[in-house]
Each structure stands twice: as C-alpha cells, then as structure tokens.
Amino acid sequence: MAKRQVPEINAGTMADIAFLLLIFFLVTTTMDVDTGITRMLPPPVQKNENIKVKERNVLKVLVNSHDMLMVNGKRMDINELKNKVVDFMTVHPNNPNYPEVEEKMIKELGKKMLVSKGIVSLKNDRGTSYKMYISVQDALAAAFNEMRNQTSRNLFGMDYHLLVNKQKIKAVNKIIPIRISEAEPENIEAK
Amino acid sequence: MSRFKLKKGRSLGVINTSSLPDIIFILLFFFMVTVTMREVTYKVKINLPEATQIQKLEKKSLVSYIYVGPPENSRLYGTNTRIQLNGQFATLGDIQEFVVTQRQQRSEADRQKITTSLKVNKDTRMGIVTDIKQQLRKAGAFKINYSAHKKAKIKR
Chain A
1 MAKRQVPEIN AGTMADIAFL LLIFFLVTTT MDVDTGITRM LPPPVQKNEN
51 IKVKERNVLK VLVNSHDMLM VNGKRMDINE LKNKVVDFMT VHPNNPNYPE
101 VEEKMIKELG KKMLVSKGIV SLKNDRGTSY KMYISVQDAL AAAFNEMRNQ
151 TSRNLFGMDY HLLVNKQKIK AVNKIIPIRI SEAEPENIEA K
Chain B
1 MSRFKLKKGR SLGVINTSSL PDIIFILLFF FMVTVTMREV TYKVKINLPE
51 ATQIQKLEKK SLVSYIYVGP PENSRLYGTN TRIQLNGQFA TLGDIQEFVV
101 TQRQQRSEAD RQKITTSLKV NKDTRMGIVT DIKQQLRKAG AFKINYSAHK
151 KAKIKR
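Chains A and B, in that order, give the protein sequences.
Following the numbering used here, the residues of the first sequence are numbered contiguously, the last one being 191.
Following the numbering used here, the residues of the second sequence are numbered contiguously, the last one being 156.
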C-alpha cells in the first residue's frame with residue numbers, strides 16, 4: 001500500500017481563481033474615506049421662544065442668491081471672512097466695538113479665563129448655491145480652528161489638533177466655543 | 001542545485017508558479033480588509049464641494065447617508081434636484097421615517113451617536129438643503145456632516 005501515489009492536484013488555475021476574486025473586490029469597493037465638515041443642528045425651537053442677544057455680540061453673515069456675502073451690513077469677499085471672524089471673536093476687553101467679554105471659570109485649568117460672548121449668525125437665501133454655503137462654513141471653521149490653535153499654543157505649547165489629553169481639549173473648547181447660529185428659515189420669498 | 005546547471009540543450013526550465021496563488025491571495029486579503037463595500041448605487045449625480053477644514057468621518061457603521069443632486073438618468077427623471085435615500089428617490093416627507101429606521105437598525109447604545117452625512121452636489125440650491133435640515137431637526141438627528149473633498153491647495 002505504501003506504493004500508492006496520491007495524484008498531484010494541478011494548482012495552475014488557482015492563481016486565476018484568486019485573480020478573479022481580486023478583480024471582483026477591486027471593482028465593487030471604494031477606497032475613499034468620507035470627509036466633511038461636522039456640525040450640530042440646534043433642537044427645534046419652541047414657539048414664543050425668543051433669545052435676546054445684544055447687537056454688539058452678533059456678527060451677521062448673510063449670503064444672497066447670487067452668492068454674494070454681506071457681513072454686518074457691508075459687502076465682503078469670501079477670502080476676507082476668516083480674518084474678520086477671528087478679529088471679531090478675539091477677546092477685546094472694554095472695547096464697545098467688539099462683543100462682550102465674560103470671565104469664566106475653566107475647571108480643567110483651575111483658573112478664570114476671558115471668554116468672548118460673540119456669536120456668528122449665518123443666514124442664507126434659498127437660492128444660495130451649496131458650494132458657496134460650504135465655502136462660508138469652511139471659512140468659519142477655519143477661523144475657529146485658528147483661534148483654538150492660538151489658545152492651545154499659548155496654554156500648552158502645541159497645536160489644537162495635536163492635543164491628546166481630553167482635559168486640555170475640553171479646556172480649549174470652553175475658552176473658544178464654536179458659536180455659529182443659523183437663522184431659522186423664513187418662508188418669505190424675498191427678492 | 002542541479003536545477004540551475006545549464007543543460008546541453010540550453011532549454012530554460014519551467015518557472016515554478018505554485019506560490020503565485022499565495023501572492024494573489026495576500027493581495028486579495030489586503031483589499032478585503034482595507035476597503036468597504038459600496039453601499040448603494042448612486043441615482044443622483046454627486047459632485048462634492050471642496051473645503052479645507054475637513055474631518056474624517058469615524059465609524060462608518062454609525063453614519064447614514066442622504067444624497068442630493070440632479071438625477072443620473074436625466075432623460076428618465078428630468079434635471080430637477082432629487083433626494084436619494086437607500087438607493088431610491090425619496091421626498092422630504094420620507095426623511096423623518098428614514099431617520100427612525102436608521103435608528104432602529106443600530107443598537108440602543110449607539111443611537112445617539114448616529115451622524116447623518118449629507119452628500120450634496122455642489123451646484124444644488126440651498127433651499128432643498130435647508131428643508132432637509134429642518135426635517136432632520138424634527139426627527140432629532142442633530143449631528144450632521146456636510147460631505148466635502150479636501151481642497152488641493154490652500155486658497156488665497
């Protein structure tokens with residue numbers, strides 16, 4: 001019985017089978033990672049709820065249906081928006097042209113810090129293009145990220161996105177909160 | 001090492017290909033592990049806008065997608081902007097139901113962490129996007145992501 005030979009399996013086509021599987025996966029799958037700008041929507045408002053905010057605390061950003069930008073009543077180019085927001089949100093104590101400043105206790109740091117009360121109010125027309133809207137959101141995000149980086153560098157000596165310690169991230173988030181308010185859409189067909 | 005000795009006839013021996021399937025299998029496994037299956041076929045044309053301040057979407061299993069754009073097959077469906085949920089066209093009224101179903105598919109603990117990714121064609125008007133956002137607010141899906149590609153170079 002020892003002489004009995006097991007016939008060799010021809011493995012030459014194995015490669016072809018594997019190739020077919022490989023090509024199948026290459027075709028059906030996508031490599032790209034999903035990226036985008038993450039935002040939180042506000043909960044639906046109750047009726048008769050009117051939060052009063054002082055005029056000086058609000059930076060009004062309006063985008064019309066021709067994709068033109070107006071900030072606090074003046075026309076502006078999209079490239080200038082970021083610097084304008086940074087300038088607006090930076091803490092300027094005792095300057096009536098800038099938003100109010102309040103002293104807030106930051107638990108994570110164990111000390112009081114000056115926090116701006118400024119809010120960016122974004123309002124767009126129904127005819128605004130999505131591309132423009134994203135550019136504006138992007139500019140706002142860039143402004144807040146720059147300020148967080150600045151704060152993070154001052155406090156911890158490194159950029160915000162390099163922070164690992166959750167407490168430190170929380171502290172920076174409290175000092176520079178992302179305050180973008182999107183106006184409730186109105187059903188008025190403004191022209 | 002007699003195999004490498006040149007014989008008189010100078011015939012080149014057969015190349016041993018028995019390890020070729022193994023190599024291909026390794027490639028195959030690599031692809032299987034690194035990529036995710038395409039969930040749906042697009043019925044709308046989506047040309048994403050570009051942005052600089054983008055974040056990666058973590059945990060793909062906790063993301064539900066809403067696609068907005070002009071139909072791919074314009075001869076059949078026209079050129080008006082349409083909403084696509086789960087591989088078929090939908091209307092604004094379907095969004096709340098969609099959010100609820102998406103929530104039920106996830107485990108109890110993950111329900112609060114669901115992100116809604118809005119994949120919107122860049123030439124879409126904001127009106128429909130605002131309407132979708134209002135629907136999402138009503139449905140309680142507050143965490144959204146405006147899908148965008150990384151801008152190739154910094155503007156200015």
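Note that the Cβ used here is the ideal one computed from N, Cα and C, for glycine as well.
Sequence-distant partners of tyrosine 146 of chain B (beyond 5 residues in either direction) whose C-beta falls short of 6 Å from its own C-beta, in its chain, are Leu118.
If you look at alanine 90 of chain B, you'll find it isn't in any alpha helix (DSSP H); it sits in the beta strand (DSSP E) that goes 88-90. Relative to asparagine 57 of chain A, the option among A/Met158, A/Asn72, A/Val6 whose CA is nearest is A/Asn72.
Listed by position along chain A, the residues whose Cβ is nearer than 7 Å to that of glutamine 53 of chain B are Ile37, Asp138, Ala141, Ala142, Asn145. Residue contact check for isoleucine 66 of chain B against chain A: no CB pair falls below 8 Å. Contact check for isoleucine 54 of chain B and lysine 150 of chain B: beta-carbon distance about 6 Å, within the 8 Å limit, so the pair qualifies. The three-state secondary structure of serine 74 of chain B, taken from DSSP, is helix.
In this chain, asparagine 79 of chain A is not harboured by any beta strand (DSSP E); it is covered by the alpha helix (DSSP H) spanning 78-89.
Annotation: the continuous beta strand (DSSP E) that includes threonine 116 of chain B extends over 115-120. With a contact defined as Cβ atoms closer than 8 Å, alanine 142 of chain A and threonine 52 of chain B qualify at about 6 Å. Here lysine 133 of chain B carries a helix assignment [DSSP, helix/strand/coil].
In summary, threonine 124 of chain B is buried, with 16 or more beta-carbon neighbours lying within 10 Å of its beta-carbon over all protein chains present. Nearest neighbour of glutamate 50 of chain B by Cα position, chosen from A/Thr35, A/Phe25, A/Val120, turns out to be A/Thr35. Contact between valine 86 of chain A and valine 136 of chain A is ruled out by a C-beta separation of about 15 Å, above the 8 Å threshold. Annotated as distal: tyrosine 65 of chain B and valine 44 of chain B, with beta-carbon spacing of 8 Å or more. For tyrosine 98 of chain A, no Cβ of chain B is located within less than 8 Å of the residue's own Cβ.
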